[in-house]
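Chemist: What follows is a structure written as structure tokens; I'll ask about it next.
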Amino acid sequence: MARKFFFPLLLLLVTEVTGQTAYTPSQENLKARQWFQDAKFGMFIHWGVYSVLGDGEWVMNNQRIDKQTYQKLPAFFNPVNYNPAEWVALAKAAGMKYITITSKHHDGFAMFDSKLTDWDIIDRTPYKKDVLKMLAEECRKQGIKLFFYHSHLDWFQENYFPRGNTGQTSGRPDNGDWYKYLDFMDGQLRELLTNYGEIGGIWFDGHWDKKNADWRLDKTYSLIHSLQPACLVGNNHHLAPFPGEDFQMFEKDLPGQKTTGFNPEQSIGQIPLETCETMNNSWGFNLQDKSYKSTKNLIQYLVRAAGYNSNFLLNVGPMPDGRIQPEFAATLKAMGSWMDKNGETIYGTRGGPVSPKTWGVTTWKENKVFVHILSLEDDNLLIPDFGKKVKNITVYNSGTKIKYKQDAFGIVISVPQEVIDETDTILVIEI
Ligand code: FHN
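With this note's numbering applied, the sequence shown covers 8 to 438.
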């Protein structure tokens, strides 16, 4: 077959089969992926008018509030204590390198100045300021990358029709133009990728609400990459990655784990990975949720994520007055102290040569393998052979020499009790 017909036909076939054309990331996108994998740790922020009710970000759906009633809420959203410089400084103090904030969650409310709807922070709240623009400027000033979480799912727009599994009690008419909704969504993404400077990535969520719909991902992803080629696209659809996606996220689970039921069908793709988790059990501000995870638990989550070659996106749900609750701030600062001492074993590493174990994980950077022992079962540790000759093994930070024996089967390491750290005993294998 003449070449001039073969490739267009192949492209058409790929499109038909996957609904997506083959995607070739640009050089700046590939560079951004490297940066992302090196960054390792980010702050997730779920913030919206729902925070006024203090019952999480699903309150509109869970309390069966119709949109007429829900529209009363923005009038009470006046975050007079919002200080983006403090938020960014707190993220940095925690050792975080990027922030992913909700530009629009499922309630459809735009936390930015959108010209496509008055259902936004400028037109509907007494605060009348673009909190995302303020944050974007502060992130640029303090050297933190900014990503936007943008919900595919929308409980407010009437063109989000046929509706999906949720938002059935939002009081919308039983008609609408699905492709007009997608045009509206693409229009808001154009605003976010045009008016807020360099955007590190777009974190989509909500595809799962209408799994079989024509989400026109190809068109949306192409729009994003045409506006900002380095902008990383991720989609929390809990499926294997689609073409056009630059990173893959997992929710409340390490990559490949299926402990929460969120990711039953999700296989691990060949693109950078990220897992996300809450500091209590809520994404959006929840007044009553005091089930705070310990600093140790969250540090170990971060370490395990790195061992799974994944980033860790840790969430805060700011209060309606604009403050991040003190319990979260204290834990984030404690995590930052740990990162100050041990960040070298996390930042810029990749998953180690030994697959994650119950005792812990390994991370790898240049000629060093960092062994993160999180729960040692006995005094000797067996590291299966990974094809490298060991030069020496020491305790990270102290440099204390560690006894070991290497043979064809692997490395047996003797871990003396006195070097055990109850959060993370880090050994350095120099190869
Ligand atoms: O429904 C959302 C939820 O509100 C939150 O944004 C999380 C964050 O990963 N994602 C969805 C639940 O899977």
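Here a beta-carbon is modelled for each residue, glycine too, at the ideal position from N, C-alpha and C.
The structure presented is a predicted model; accordingly, all values stated were derived computationally and were not measured.
Excluding sequence positions up to five away, which residues of its chain have a Cβ less than 8 Å from the Cβ of R71?
Modeler: Your numbering for residue 71 matches position 64 in the sequence shown. Excluding residues within five positions, the ones whose Cβ falls inside 8 Å are T176.
Chemist: Three-state secondary structure (DSSP) at S421?
Modeler: For this step, residue 421 is matched to residue 414 along the sequence shown. Strand at S421.
Chemist: Whose C-alpha, out of V419, I409 and E437, is nearest the C-alpha of I427?
Modeler: Numbered from its first residue, the sequence shown carries residue 427 at position 420. Per the Cα distances, I409.
Chemist: Between which two residues does the beta strand (DSSP E) holding C238 run?
Modeler: Numbered from 1 along the sequence shown, position 231 holds the residue referred to as residue 238. That residue, C238, is in no beta strand (DSSP E); it is neither H nor E in DSSP.
Chemist: With T282 as the anchor, note down where its beta strand (DSSP E) starts and where it stops.
Modeler: Here residue 282 refers to the residue found at position 275 when the sequence shown is read from its first residue. L280 to T285 is the span of the beta strand (DSSP E), which, as asked, contains T282.
Chemist: Mark E284 as exposed unless 16 or more other C-beta atoms lie within 10 angstroms of its C-beta, in which case mark it buried.
Modeler: Translated into the one-based positions of the sequence shown, residue 284 becomes position 277. It is buried - the Cβ of E284 has at least 16 other Cβ atoms within 10 Å.
Chemist: Rounded to the nearest angstrom, what separates G26 and D414 at their Cα positions?
Modeler: Indexing the sequence shown from 1 puts residue 26 at position 19. Indexing the sequence shown from 1 puts residue 414 at position 407. Confidence at G26 is low in this model, with a pLDDT of 43, below 50, so its placement is unreliable and the value that follows should be read with caution. For G26 and D414, the distance between alpha carbons rounds to 51 Å.
Chemist: Reducing DSSP to helix, strand and coil, say where N36 ends up.
Modeler: One-based indexing of the sequence shown puts residue 36 at position 29. Note: N36 maps to helix in three-state DSSP.
Chemist: Based on DSSP bridge pairs, tell me the residues matched to D414.
Modeler: As a working mapping, residue 414 is identified with position 407 in the sequence shown. According to DSSP, which records beta bridges pairwise, D414 is partnered with G417.
Chemist: Starting from L97, trace the alpha helix (DSSP H) both ways and give me its first and last residue.
Modeler: On the sequence shown, residue 97 is found 90 positions in, with the first residue counted as 1. Start and end: P91 to A100.
Chemist: Return the residue from the list H379, L153, S344 and A117 that minimises the CA-CA distance to T365.
Modeler: Along the sequence shown, read from residue 1 onward, the residue named residue 365 stands at position 358. It is H379.
Chemist: Please report the Cβ distance between G102 and F48, rounded to the nearest whole angstrom; I am assuming they are in contact, meaning their Cβ atoms lie under 8 Å.
Modeler: Working through the sequence shown from its first residue, we reach residue 102 at position 95. Working through the sequence shown from its first residue, we reach residue 48 at position 41. About 6 Å; that satisfies the 8 Å criterion.
Chemist: How is the beta strand (DSSP E) around W371 delimited, first residue to last?
Modeler: Here residue 371 refers to the residue found at position 364 when the sequence shown is read from its first residue. G367 to K372 is the span of the beta strand (DSSP E), which, as asked, contains W371.
Chemist: Are three or more beta carbon pairs between the segment 309-323 and the segment 367-378 nearer than 8 Å?
Modeler: Result yes; three or more Cβ-Cβ pairs closer than 8 Å.
Chemist: Going by other Cβ atoms of all chains shown within 10 Å of its Cβ, with 16 needed for buried, is F119 buried or exposed?
Modeler: For the purposes of this step, residue 119 is taken as residue 112 along the sequence shown, with counting starting at 1. With 16 or more Cβ atoms within 10 Å of its Cβ, F119 is classed as buried.
Chemist: I'd like to check one pair, Y134 with F84: are the Cβ atoms closer than 8 Å?
Modeler: For the purposes of this step, residue 84 is taken as residue 77 along the sequence shown, with counting starting at 1. For the purposes of this step, residue 134 is taken as residue 127 along the sequence shown, with counting starting at 1. The answer is yes: Cβ separation under 8 Å.
Chemist: Given a threshold of 16 other Cβ atoms within 10 Å of its Cβ, counted over all protein chains shown, does D137 qualify as buried or as exposed?
Modeler: Translated into positions along the sequence shown, residue 137 becomes position 130. Buried is the call here.
Chemist: The ligand FHN heavy atoms versus the CB of D114: any closer than 7 Å?
Modeler: Counting from one through the sequence shown, the residue named residue 114 turns up at place 107. For the ligand FHN, not one heavy atom lies less than 7 Å from the Cβ of D114.
Chemist: Considering P391, what are the terminal residues of the beta strand (DSSP E) in which it resides?
Modeler: Reading the sequence shown from its first residue, position 384 is the one you call residue 391. Segment N387 to P391, the beta strand (DSSP E) holding P391.
Chemist: With C-beta atoms as the reference, is M141 less than 8 Å away from W210?
Modeler: Numbered from its first residue, the sequence shown carries residue 141 at position 134. Numbered from its first residue, the sequence shown carries residue 210 at position 203. Not in contact: M141 and W210 (Cβ atoms no closer than 8 Å).
Chemist: Would you kindly check if the distance between the Cβ of F254 and the Cβ of G241 is under 8 Å?
Modeler: For the purposes of this step, residue 241 is taken as the residue at position 234 of the sequence shown. For the purposes of this step, residue 254 is taken as the residue at position 247 of the sequence shown. Against a cut-off of 8 Å, the Cβ pair of F254 and G241 comes out as a contact.
Chemist: Which residues in the same chain as L2 place their Cβ atom closer than 6 Å to its Cβ, once the five residues preceding and following it in sequence are excluded?
Modeler: Because the chain here runs from 8 to 438, residue 2 falls outside it and cannot be looked at.
Chemist: Measure from the alpha carbon of Q164 to the alpha carbon of each residue in R179, F154, K152 and F155, then state which is nearest.
Modeler: Within the sequence shown, the letter at position 157 stands for residue 164. Measuring from the Cα of Q164, the nearest candidate turns out to be R179.
Chemist: Hey, would you say the C-beta of D212 is under 7 Å away from at least one heavy atom of the ligand FHN?
Modeler: Here residue 212 is taken as the residue at index 205 of the sequence shown, counted from 1. For the ligand FHN, at least one heavy atom lies less than 7 Å from the Cβ of D212.
Chemist: With C-beta atoms as the reference, is L153 less than 8 Å away from A336?
Modeler: Residue mapping note: residue 153 aligns to position 146 of the sequence shown, counting from 1. Residue mapping note: residue 336 aligns to position 329 of the sequence shown, counting from 1. Taking 8 Å as the Cβ cut-off, L153 and A336 do not qualify as a contacting pair.
Chemist: Along the chain, where does the alpha helix (DSSP H) containing D260 start, and where does it finish?
Modeler: By one-based count along the sequence shown, residue 260 stands at place 253. From DSSP, D260 is part of no alpha helix (DSSP H); its letter is neither H nor E.
Chemist: Rounded to the nearest angstrom, what separates A143 and V95 at their Cα positions?
Modeler: The residue given as residue 143 occupies position 136 in the sequence shown. The residue given as residue 95 occupies position 88 in the sequence shown. Those two C-alpha atoms are separated by around 10 Å.
Chemist: Which residues share a DSSP beta bridge with N172?
Modeler: Indexing the sequence shown from 1 puts residue 172 at position 165. According to DSSP, which records beta bridges pairwise, N172 is partnered with nothing at all.
Chemist: Secondary structure at I436, three-state DSSP: helix, strand or coil?
Modeler: Indexing the sequence shown from 1 puts residue 436 at position 429. In the structure shown, I436 sits in a strand (DSSP, three-state: E or B).
Chemist: What span of residues does the alpha helix (DSSP H) with I151 cover, start to end?
Modeler: As a first step, residue 151 is located in the sequence shown; it is residue number 144 there, counting from the start. Careful: I151 lies outside any alpha helix (DSSP H) and carries neither H nor E.
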